[in-house]
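As structure tokens, the structure follows; a few thoughts come after it.
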Amino acid sequence: MLKMIKSLICIYFAGLICLLMGCSRPNVVSSTAAEVIDFGNLKSVNAAELISVCSYVALESSENSLVGNIGQIEICGNRIYILDNKMNTFNVFGMDGKFVMKLEGHGNGPGEFISPHSFWIDKHGHVLILDRQLNRLLKYRLTDLKYIGDVTLPAPSPLSFAAMQDSGMYIYYYPLRQNDVFSGKQFVVANEKGDVVRTFYDAPLTGKILHGCPANFYMFNESLRVYPYFSNQVYELSGNSFDACYEFSWGKQKFPPLELFQKHDTSGDVMKEILTGENDWIRLLYVYETNQMLVVKYYIKRDLYLSIRDKKENRTVNVKSDMIVDDLGLGGRFPLPMAVCDGLFVGAITPFDVVKEDVQDKRLEDLLDSKSEESNPILVFYRYLTI
């Protein structure tokens, strides 16, 4: 009898351990090998070697629709959604460029925000806007921007977020803080009430940094992907797994060494040395992906760079953006990617920045004829060519 009781106790604890291990499994990054991509050293290229412009959309420029700065842009259905982080507005335009409606930062009342940080469009017809200043995640109906309610954050001021498409949960990316409530984990999954379901991804030394893309989650073929700040890896979240799918390098160009993040206590001090120090380090990534192309936009000091990977042809190119020769007649400008739409990349050209004498594309020339330097940007829809 005693032997049977001991056996039952062993079975109970074994089952309990298995259950706990199953619950904690998402806290461990999968060992699945990432695809290593070396974009190589910098090259000189012409714009016509890189892209083919498909179409332009001139955003309506009225007193009510002026855009100060495109902080984030998404195209969904037949509408263009723009977060303006200068005017603190969320703007909606039609695919013909006509202004439709907007939300403005007014205060902290129901449905109000002050400083929109990023947004996410879910599959249920909602747009969610994160205001880190107010520690609010607000939900609106996509069709008319009617306020639905707030989603409760599991902790104040996440750096970014996404709605998980099928589970009804939300995933947040948090910095590592001095009084950290998530035991050093940077990714937090929670329900709409803010109840934490699980946490994962042990914060590296770079985890305290606040500097990065505010919309570093993106969807690719129905899968949710994310790239942490000051990381050269892109991860995919699928069920309980968190797999590294890409690992980037750029020839002689590097991220700051980990010693730099040990040297300084605050994010501000780290960024001061990165921006003003003598070393030229990569500091900020934006990742855009289609079935054919993987494009990474990044900064070194104040300069922008562009890395492109032709996934099907297994070819890469790495170029400084202001060294791309404009042989397409775009007025001396190159439309760096800001979004992806139906397999195309979306960039913008601002009339103020264009050298009109250098514009040779008749479609762009016709649009600029009716624009002043203060007019809204002209969106450029294009595809990257086989490298």
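One gets the working numbering by counting positions in the sequence shown from 1 and adding 2 to each. The beta-carbon is built from N, C-alpha and C at its ideal position, and this holds for glycine as well. Please read these numbers as outputs of a predicted model, since none were measured by experiment.
* To do: Just confirm the distance between the C-beta atoms of Tyr-128 and Leu-144, as a whole number of angstroms; I'd bet it's less than 8 Å.
  => For the sequence presented, residue 128 should be read as His rather than Tyr. Indeed, because the Cβ distance is near 6 Å, the residues count as touching under 8 Å.
* C-alpha distance - Asp-204 paired with Ser-243, whole-angstrom precision -> 14 Å
* Going by beta carbon distance, what residues of the same chain come within less than 7 Å of Phe-257, once the five residues before and after it are set aside? -> Phe-232, Asn-234, Trp-283, Ile-284
* To do: Mind listing, in chain order, the continuous alpha helix (DSSP H) runs of no fewer than 4 residues lying wholly within the stretch 259-304?
  => 260-265, 269-278
* Asked: When the Cα atoms are used, what is the spatial distance from Leu-226 to Ser-240?
  -> 7 Å
* To do: Report, in whole angstroms, the separation of the C-beta atoms of Gly-331 and Asp-363, which I expect to be a contact under 8 Å.
  => 5 Å
* To do: Compare the C-alpha of Tyr-384 against each of Lys-104, Tyr-300, Leu-52 and name the closest.
  => Leu-52
* Out of curiosity, what's the CA-to-CA distance linking Leu-381 and Ile-123? -> Per the coordinates, the alpha-carbon of Leu-381 lies some 20 Å from the alpha-carbon of Ile-123.
* **Span separating the alpha-carbon of Ile-77 from that of Pro-339** => Rounded to whole angstroms, Ile-77 to Pro-339 spans 13 Å at the Cα level.
* Quick one, which of Phe-336, Asn-320, Ile-150, Gln-188 has its alpha-carbon nearest Gly-253's? -> If we check each option's Cα against that of Gly-253, Asn-320 comes out closest.
* **Reduced DSSP secondary structure (H/G/I, E/B, other) of Ala-246** => Per DSSP, reduced to three states, the secondary structure at Ala-246 is strand.
* Asked: What is the DSSP secondary structure of Leu-308, reduced to helix, strand or coil?
  -> strand
* To do: Check the DSSP bridge columns for Tyr-237 and list the partner residues they point to.
  => According to DSSP, which records beta bridges pairwise, Tyr-237 is partnered with Val-228, Ala-246.
* Asked: How long is the line joining the alpha carbons of Ser-377 and Gly-73, rounded to whole angstroms?
  -> 17 Å
* **Alpha carbon of Phe-115 to alpha carbon of Leu-287, nearest angstrom** => 27 Å
* State the start and end residues of the unbroken alpha helix (DSSP H) segment that holds Arg-200. => Premise fails: Arg-200 lies in the beta strand (DSSP E), 198-204, not in any alpha helix (DSSP H).
* Rounded to the nearest angstrom, how far is the Cβ of Gly-99 from that of Glu-62, given a contact under 8 Å? -> 6 Å
* Would you report the Cα separation of Lys-373 and Asp-324, rounded to the nearest angstrom? -> 24 Å
* **Three-way DSSP call (helix, strand, coil) for Thr-91 in this model** => Looking at Thr-91 - three-state DSSP - the assignment turns out to be strand.
* What number of angstroms, rounded off, separates the C-alpha of Lys-322 from the C-alpha of Lys-45? -> 8 Å
* Asked: In chain order, which continuous runs of the alpha helix (DSSP H) of length 4 or greater are located wholly inside the stretch 330-387?
  -> 364-371
* Asked: beta strand (DSSP E) containing Ala-2: first to last residue?
  -> For the chain, the structure presents residues 3 to 389; residue 2 sits outside this window and is missing.
* To do: Run through the stretch 129-156 for me and flag every whole alpha helix (DSSP H) of 4 or more residues, listed as ranges in chain order.
  => none
* In angstroms, rounded to a whole number, what distance separates the CA positions of Pro-353 and Phe-336? -> 13 Å
* Locate the alpha helix (DSSP H) running through Leu-52, then write down its first and last residues. => 49-52
* Taking the CB atoms as reference points, tell me whether Leu-212 and Ser-251 lie closer together than 8 Å. => no
* Asked: Cα separation between Val-342 and Val-297?
  -> 10 Å
* Grab the span of the beta strand (DSSP E) containing Asp-168 for me, first residue to last. => It is not in any beta strand (DSSP E) - Asp-168 carries neither H nor E in the DSSP assignment.
* Sub-8 Å separation of Lys-141 and Leu-130 beta-carbons -> yes
* Please list, in chain order, all residues of the same chain as Gly-70 whose beta carbon is under 7 Å from its beta carbon, the five residues on each side excluded. => Cβ neighbours of Gly-70 beyond the five flanking positions: Asp-86, Lys-88, Met-89.
* **C-alpha gap between Glu-37 and Leu-387, whole angstroms** => Distance from the CA of Glu-37 to the CA of Leu-387, rounded to the nearest whole angstrom, comes to 22 Å.
* Beta-ladder partner(s) of Ala-192, from DSSP -> Tyr-172, Val-198
* Asked: Cβ of Arg-81 within 8 Å of Cβ of Val-102?
  -> Here Arg-81 is near Val-102, since their CB atoms are less than 8 Å apart.
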